[in-house]
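A.B. asks: In numbering that gives the first Met the number 0, the protein residues as written are 0 to 242.
C-beta: ideal position from N, C-alpha, C; glycine also.
The following block contains the structure, expressed as structure tokens.
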Amino acid sequence: MGTVYLTGAGPGDIDLLTVKALRIIQKADIIIYDRLANPDILKEAKDGCKFLYVGKEDSHHTLPQEEINELIYQSALKYETVVRLKGGDPFVFGRGGEEGIYLYERNIKFEFIPGVSSAIAVPEYAGIPVTHRGLTVSFRVVTGHESKKSKSQIDWESFKSDETIVFLMGLHNLNKITKKLIEIGKPKNYPVAVISRGTRPDEKSVIGTLEDIYEKAKDLPTPALIVVGRVVNLHNQLKWFEK
Ligand code: SAH
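Take a look at the structure:
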């Protein structure tokens with residue numbers, strides 16, 4: 000029986016892969032990878048390594064999570080070194096915990112290898128620090144994609160303070176999110192950024208306000224994330240990657 004390495008691939012730029020992830024990818028017998036993991040990473044694998052794509056498009060899943068869990072498990076019965084490669088960090092809306100529990104329940108050894116999360120790195124490539132002295136004392140990473148079936152678990156009232164909010168998986172809900180934030184009392188001209196395909200050669204960031212960002216950014220390609228907060232204004236001075 001093998002070991003499964005639940006591995007973060009970083010947000011896109013291949014150079015943001017950790018040394019630990021690279022070392023295990025070079026040893027892997029099989030790599031099970033997602034849509035968000037940069038496919039160039041697979042070129043680092045040894046000869047004979049198997050590749051399995053289980054990517055999820057935004058809403059239409061290629062494979063249900065349960066089947067992905069089972070595939071990882073079956074791979075661990077066959078191969079010694081199984082790499083489960085996921086975009087960003089496995090624990091930041093990455094379902095890494097669910098996959099770990101599935102393996103735990105079946106007595107399969109596993110390790111987690113953290114990755115550089117898009118939640119911090121993508122704003123950073125756009126010159127937006129998630130914290131900045133004097134502007135914000137905290138930041139939050141929130142899902143912008145809640146199940147339509149159940150009641151919202153997001154405590155919108157709690158967003159009144161000046162902390163930075165990063166919404167992942169939220170582009171298709173951008174209109175709803177900005178309206179909600181205005182509703183709870185944030186100023187209409189409060190700064191917002193949408194960053195599309197961050198850390199990749201075609202990264203594009205659009206800067207606006209709660210009132211106008213939807214019109215400006217709604218057609219940007221995914222993956223994209225939303226940053227709400229006064230730190231967005233630092234983009235003017237700190238932008239570097241898109242220059
Ligand atoms: N585990 C991942 C996040 C998975 S959720 C991580 O830690 O980065 C997927 C969401 O992440 C996307 O919908 C998008 O909001 C964001 N995302 C991932 N990669 C991105 C990128 N290169 N640019 C912008 N947003 C990205």
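Which residue's Cα is closest to the Cα of residue 31: 14, 78, 166?
C.D. replies: Reading the sequence shown from its first residue, position 32 is the one you call residue 31. Of 14, 78, 166, the residue nearest in Cα terms is 78.
A.B. asks: Within this structure, are the beta carbons of residue 225 and residue 193 separated by less than 7 Å?
C.D. replies: As a first step, residue 225 is located in the sequence shown; it is residue number 226 there, counting from the start. As a first step, residue 193 is located in the sequence shown; it is residue number 194 there, counting from the start. Yes, the pair counts as a contact, with Cβ atoms nearer than the cut-off.
A.B. asks: So the beta strand (DSSP E) residue 207 belongs to, where does it begin and stop?
C.D. replies: Counted from its first residue, the sequence shown places residue 207 at position 208. First-last of the beta strand (DSSP E) with residue 207: 203–208.
A.B. asks: Enumerate, from N- to C-terminal direction, the unbroken alpha helix (DSSP H) stretches of 4 or more residues contained entirely within the segment 111–147.
C.D. replies: As far as the segment 111–147 is concerned, its whole alpha helix (DSSP H) runs of at least 4 residues are 117–124.
A.B. asks: Rounding to the nearest angstrom, what Cα-Cα distance links residue 241 and residue 175 in this structure?
C.D. replies: In the sequence shown, the residue the question calls residue 241 occupies position 242. In the sequence shown, the residue the question calls residue 175 occupies position 176. The alpha-carbon atoms of residue 241 and residue 175 are separated by roughly 28 Å.
A.B. asks: On the CB-based measure, 16 or more other CB atoms within 10 Å of its CB, does residue 162 come out buried or exposed?
C.D. replies: In the sequence shown, counting from the first residue as 1, residue 162 sits at position 163. Per the 10 Å Cβ criterion, buried.
A.B. asks: For residue 71 and residue 145, what's the separation of their Cα atoms in angstroms?
C.D. replies: For the purposes of this step, residue 71 is taken as the residue at position 72 of the sequence shown. For the purposes of this step, residue 145 is taken as the residue at position 146 of the sequence shown. Roughly 26 Å between the two C-alpha positions.
A.B. asks: Starting from residue 190, follow its DSSP beta bridges and name the residues at the other end.
C.D. replies: The residue given as residue 190 occupies position 191 in the sequence shown. Residue 190 is bridged to 208.
A.B. asks: Only counting the same chain, and skipping five residues up and downstream in sequence, which positions put a Cβ closer than 7 Å to that of residue 239?
C.D. replies: Counting from 1 along the sequence shown, the entry for residue 239 is found at position 240. The residues are 126.
A.B. asks: In three-state DSSP terms, what is residue 216?
C.D. replies: Taking the sequence shown and counting its residues from 1, one reaches residue 216 at position 217. In the structure shown, residue 216 sits in a helix (DSSP, three-state: H, G or I).
A.B. asks: Would you grab the beta carbon distance between residue 93 and residue 87 for me? Rounded to a whole angstrom, and I think it's under 8 Å.
C.D. replies: On the sequence shown, position 94 is the one that residue 93 refers to. On the sequence shown, position 88 is the one that residue 87 refers to. Confirmed, Cβ separation roughly 6 Å.
A.B. asks: Sort 105, 124, 190, 195 by Cα distance to residue 1 and report the nearest one.
C.D. replies: Position 2 of the sequence shown holds residue 1. Nearest option by C-alpha distance: 105.
A.B. asks: Between the C-alpha atoms of residue 41 and residue 152, what's the straight-line distance to the nearest angstrom?
C.D. replies: Position 42 of the sequence shown, counting from 1, holds the residue named residue 41. Position 153 of the sequence shown, counting from 1, holds the residue named residue 152. Cα to Cα, the separation comes out at about 37 Å.
A.B. asks: Rounded to the nearest angstrom, what separates residue 68 and residue 97 at their Cα positions?
C.D. replies: Along the sequence shown, one-based indexing puts residue 68 at 69. Along the sequence shown, one-based indexing puts residue 97 at 98. For residue 68 and residue 97, the distance between alpha carbons rounds to 8 Å.
A.B. asks: Give the range of the alpha helix (DSSP H) segment to which residue 102 is assigned.
C.D. replies: Stepping through the sequence shown from its first residue, residue 102 is reached at position 103. Its alpha helix (DSSP H) spans residues 95–103.
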